[in-house]
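Chains as they are written, first to last, in our numbering: chain A, 164 to 545; chain B, 164 to 545.
Protein chains: 2
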Amino acid sequence: MRILILGGDGYLGWPTAMHLTAYGHEVVVVDNYLRRRLCREENIDLLFDVPELPERTAIWQSLSGHKIQVYIGDLVEWDFIAEVFEKFIPEAIVHYAEQPAAPYSMLNRQAATLTLNNNLSVTVNVIFAVREFCPDAHIVKLGTMGEYGTPNVDIEEGWLEVKHKGRRHKFLYPRQASSLYHTTKIMDTDLLWFYVRTWGLRATDLMQGPVYGLFTDENEKHEQLLPFFNYDEIFGTVLNRFVVQAVGGYPLTVYGKGGQTRGYLNIKDTLNCIRLSVDNPADKGELRIFNQFTETFSVNDLAEKVREAGNQLGLKVEIQHVANPRIEAEEHYYHPRHTALLDLGLAPHYLSEGVLVEMMEYVIKYKDQIKHDQIYRKVKWA
Amino acid sequence: MRILILGGDGYLGWPTAMHLTAYGHEVVVVDNYLRRRLCREENIDLLFDVPELPERTAIWQSLSGHKIQVYIGDLVEWDFIAEVFEKFIPEAIVHYAEQPAAPYSMLNRQAATLTLNNNLSVTVNVIFAVREFCPDAHIVKLGTMGEYGTPNVDIEEGWLEVKHKGRRHKFLYPRQASSLYHTTKIMDTDLLWFYVRTWGLRATDLMQGPVYGLFTDENEKHEQLLPFFNYDEIFGTVLNRFVVQAVGGYPLTVYGKGGQTRGYLNIKDTLNCIRLSVDNPADKGELRIFNQFTETFSVNDLAEKVREAGNQLGLKVEIQHVANPRIEAEEHYYHPRHTALLDLGLAPHYLSEGVLVEMMEYVIKYKDQIKHDQIYRKVKWA
Chain A
164 MRILILGGDG
174 YLGWPTAMHL
184 TAYGHEVVVV
194 DNYLRRRLCR
204 EENIDLLFDV
214 PELPERTAIW
224 QSLSGHKIQV
234 YIGDLVEWDF
244 IAEVFEKFIP
254 EAIVHYAEQP
264 AAPYSMLNRQ
274 AATLTLNNNL
284 SVTVNVIFAV
294 REFCPDAHIV
304 KLGTMGEYGT
314 PNVDIEEGWL
324 EVKHKGRRHK
334 FLYPRQASSL
344 YHTTKIMDTD
354 LLWFYVRTWG
364 LRATDLMQGP
374 VYGLFTDENE
384 KHEQLLPFFN
394 YDEIFGTVLN
404 RFVVQAVGGY
414 PLTVYGKGGQ
424 TRGYLNIKDT
434 LNCIRLSVDN
444 PADKGELRIF
454 NQFTETFSVN
464 DLAEKVREAG
474 NQLGLKVEIQ
484 HVANPRIEAE
494 EHYYHPRHTA
504 LLDLGLAPHY
514 LSEGVLVEMM
524 EYVIKYKDQI
534 KHDQIYRKVK
544 WA
Chain B
164 MRILILGGDG
174 YLGWPTAMHL
184 TAYGHEVVVV
194 DNYLRRRLCR
204 EENIDLLFDV
214 PELPERTAIW
224 QSLSGHKIQV
234 YIGDLVEWDF
244 IAEVFEKFIP
254 EAIVHYAEQP
264 AAPYSMLNRQ
274 AATLTLNNNL
284 SVTVNVIFAV
294 REFCPDAHIV
304 KLGTMGEYGT
314 PNVDIEEGWL
324 EVKHKGRRHK
334 FLYPRQASSL
344 YHTTKIMDTD
354 LLWFYVRTWG
364 LRATDLMQGP
374 VYGLFTDENE
384 KHEQLLPFFN
394 YDEIFGTVLN
404 RFVVQAVGGY
414 PLTVYGKGGQ
424 TRGYLNIKDT
434 LNCIRLSVDN
444 PADKGELRIF
454 NQFTETFSVN
464 DLAEKVREAG
474 NQLGLKVEIQ
484 HVANPRIEAE
494 EHYYHPRHTA
504 LLDLGLAPHY
514 LSEGVLVEMM
524 EYVIKYKDQI
534 KHDQIYRKVK
544 WA
């Protein structure tokens, strides 16, 4: 299948590109290196350098034989996105091309505006490009479990049948997020759903939880093929960051009570979820929503698991509860359904001590490059 | 009270400005004449010319003694909005500054993008300006009943208590709109609600139905103080347009079966609703949602009423069912609650034959200027 990956330079975009070519798909990646630019602007270093896309694709091709075509440009620009769609005529579009960090979106007005404008402008352009160039193509958009927030009732997969005053209606599950970034994802979903039902497009919205991990079947720990890996508090997801903090001798910073519970998944499962979604497209006029995670943990659970794994390697890992810079419930009900991807055949890679130890052993190679002042960035919600 | 009216040149913005000064408030209006520009670009004529804001405010001042200060500029530009807020330090902000037409938003990609970018960028700038310059001020944002769509259950005022699998949660009422414009209003509400609860702002979101009418207590049919009045299918609201069509001898164009039911209100009631909202501000950290309409009608009801009123004036009014250019339910359940504004003291001006006859008598003055090719504009949803 011809698959276009938007945001192909990112933590998930690049591993997805390799994975889909390994499964025989023809892949084109697009990126404008926005994440790299924002990291430079915010003085954020990575744990290890990651080559730019032309170099990575060349390495991947030399190792695997699979070619990935690269377009560098801004998908907010219609002329650019139109050119990419017109030349490639994708059958599926995997849309990662968003500013993906909650703390970044809460930094200041400029960051909020960039997040809002970038995320919605790219999404609307993708919708119009599909309509114009490949109306039968399947849009696989990354959403986030954060759209749902933490309601006091069970979270279903995308839709909720409501009984009210003796009548019934099936609504998009009502969503309330706890950052501007997550709020833009709610908007994305509403935007996509409007055009899907108006124009009969096909779409899958993947409500993903925080992802962790470095290794995939394709990168095999080849350093130049590893994903873009942040360990700072702005762009680093919590478990990845805790692993680096443990190795770097920086206490695991648990916000507030640490009872914040979310659904997590291994990066390998993200790739499998994307592939399963692409291989089983939504119907025309259908917005199909999957909750994409494999198990739930509180932040306290994660910190404890990282400490235990660290102990296996002789690391002395401290856990420190710090004042919560976010505005969020620190103890709450959390019971999200996540059966649709399992029904499609997902075989989860659960979080084990072995998984954490394997990550730590790799991160230890870079122990001396871990900078403490990169980690805690003091982004406050209020 | 110091009240800033954003979008002060529009159909509702200008009447609101006069009304609030007549009630003793200090008013500043802001507009970038976007609606005028879009009308020019789409070759849309008004029934009668409306002076620009400096001239209108001068006329109003000479007649009433009330001064209204004018800023012309684009609220998407932070430097401009910051200057306005910093100089005036409003106590309330009435936010009408959006591209308000569903058909315009469905014209083409450029119009969709303009609607999305303008509406959300202005709203986010208003939020940041309030936070920076007047965090205690009350944001009164115009929403739309169209955010709710036409669910098969009763529509409550903004919030819905859901019972699900034995547990309960109060959600923002789940919304699903039937145009891109209305979808941007859903997004606006989500955006405002996020920052209201994160930063403790005060906000009222007025879910307004389609407004009709020309006359307010302040304009007293003084032509140069009348509102910006569209009778085309793009910017004209349905009842206003039907009145002009009846006078102009153009059949009343009912889309499809005509069972589309909405909540309507007289322009006088819009002004009263705004004043009541401003005079009774929301609490800090509260997003208060009112459903702003006074009675519900189907399109068939409206067409019948206009025909009957036309008959009173000896007009022969035809009703013509045309293929529906929109994608919407033409027959549906519709039972929206609207008690909060009545509880605050709203005394509705209901739609009567007298109201329609009074409008028609005025429109007849311009009968020769009604251009048939201005009315039906063939904007198709699909």
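Just so it is clear, CB atoms sit at the ideal spot from N, CA and C, and this is done for glycine as well.
(1) Taking A545 (chain B) as the reference, give the member of B:D531, B:R500, B:K528, B:A486 with the closest Cα.
(2) How about V401 (chain A) and L465 (chain A): are their beta carbons less than 8 Å apart?
(3) For a test of the three-state rule: what should DSSP assign to M164 (chain B), helix, strand or coil?
(4) Please check if any C-beta of chain A sits within less than 8 Å of the C-beta of S268 (chain B).
(5) Which residues in chain A sit within 8 Å of F291 (chain B), going by Cβ to Cβ distance?
(6) Run through chain A and tell me which residues come within less than 9 Å of Q339 (chain B), C-beta to C-beta.
(7) What's the gap between the Cα of H229 (chain B) and the Cα of H495 (chain B)?
(8) Scan the region 300-318 of chain A for residues whose Cβ lies nearer than 7 Å to a Cβ of chain B and list them as they occur along the chain.
(9) Below 8 Å, how does it come out for the region 178-191 of chain A and the region 349-365 of chain A: are there three or more Cβ pairs, yes or no?
(10) Rounding to the nearest angstrom, what Cα-Cα distance links A285 (chain B) and D531 (chain A) in this structure?
(11) Please name the residue in B:G236, B:P414, B:R500, B:L167 whose C-alpha comes closest to that of M370 (chain B).
(12) Within 10 angstroms of its Cβ, does K326 (chain A) collect 16 or more other Cβ (buried), or is it exposed?
(13) Note down, one range per segment and in chain order, each alpha helix (DSSP H) of at least 4 residues found wholly within the region 447-483 of chain A.
(14) The beta strand (DSSP E) with N429 (chain B) in it runs from where to where?
(15) Are V469 (chain A) and V480 (chain A) touching if we call contact CB-CB under 8 Å?
(16) Report the three-state DSSP secondary structure of H501 (chain B) (helix, strand or coil).
(17) Among B:G329, B:I349, B:Y344, B:L323, which residue has its Cα nearest to the Cα of L335 (chain B)?
(18) Thinking just about the alpha-carbon of each residue, which of A:E246, A:S225, A:L201, A:Q224 is nearest to the one in L162 (chain A)?
(19) With H, G and I counted as helix, E and B as strand and the rest as coil, what does DSSP make of V359 (chain A)?
(20) Specify the secondary structure class of F334 (chain B) as computed by DSSP and reduced to three states.
(21) V485 (chain B) bridges to which residues according to DSSP?
(22) Using a Cβ-Cβ cutoff of 9 Å, what residues of the region 431-455 of chain A are near chain B? List them in chain order.
(23) Applying a beta-carbon distance threshold of less than 7 Å, which residues of chain A neighbour T346 (chain B)?
(24) For the beta strand (DSSP E) holding E494 (chain A), just list the boundary residues, first then last.
(25) Can you tell me whether A255 (chain A) is helix, strand or coil according to DSSP?
(26) With 7 Å as the limit, tell me which residues of the region 360-375 of chain A have their beta carbon closer than that to any beta carbon of chain B; keep them in chain order.
(27) Have a look at Y418 (chain B) and H484 (chain B) and give me their C-alpha separation to the nearest angstrom.
(28) Tell me whether Q475 (chain A) is buried or exposed, calling it buried when 16 or more other Cβ atoms sit within 10 Å of its Cβ.
(29) Quick check on L504 (chain B) - is its C-beta less than 8 Å from some C-beta in chain A?
(30) I want to see whether chain A comes within less than 8 Å of N568 (chain B), judged by CB atoms only; does it?
(31) Name the two residues that bound the continuous beta strand (DSSP E) containing Q387 (chain B).
(32) Using a Cβ-Cβ distance under 8 Å, would W247 (chain A) count as near chain B?
(33) Using 8 Å as the threshold, is the C-beta distance between G309 (chain B) and G448 (chain B) below it?
(34) I290 (chain A) lies in the beta strand (DSSP E); which residues open and close that run?
(35) For H301 (chain B) and T367 (chain B), I'd like the C-alpha separation in whole angstroms.
(36) What separation, rounded to the nearest whole angstrom, lies between the Cα atoms of I397 (chain B) and R404 (chain B)?
So, from the listed chains and residues:
(1) B:A486
(2) yes
(3) coil
(4) no
(5) R272, A275
(6) F334, L335, D353, W356, F357, R360
(7) 46 Å
(8) P314, N315, V316, D317
(9) no
(10) It is Val, not Ala, that sits at residue 285 (chain B) in the sequence shown. Each residue's alpha carbon lies about 46 Å from the other.
(11) B:R500
(12) exposed
(13) 462-475
(14) 424-429
(15) yes
(16) coil
(17) B:L323
(18) Limits of chain A in this structure are 164 at one end and 545 at the other, which puts residue 162 (chain A) out of reach.
(19) helix
(20) strand
(21) B:Y418
(22) none
(23) D353, L354, F357
(24) Where E494 (chain A) is concerned, there is no enclosing beta strand (DSSP E), given that its DSSP letter is neither H nor E.
(25) strand
(26) T361, W362
(27) 6 Å
(28) exposed
(29) no
(30) Residue numbering for chain B in the displayed model covers 164 to 545; residue 568 (chain B) lies beyond these limits and cannot be assessed.
(31) That residue, Q387 (chain B), is in no beta strand (DSSP E); it is neither H nor E in DSSP.
(32) The displayed chain sequence assigns Val, not Trp, to residue 247 (chain A). Not one chain B Cβ lies under 8 Å of V247 (chain A).
(33) no
(34) Element bounds for I290 (chain A): not the beta strand (DSSP E) but the alpha helix (DSSP H), 272-296.
(35) 8 Å
(36) 10 Å
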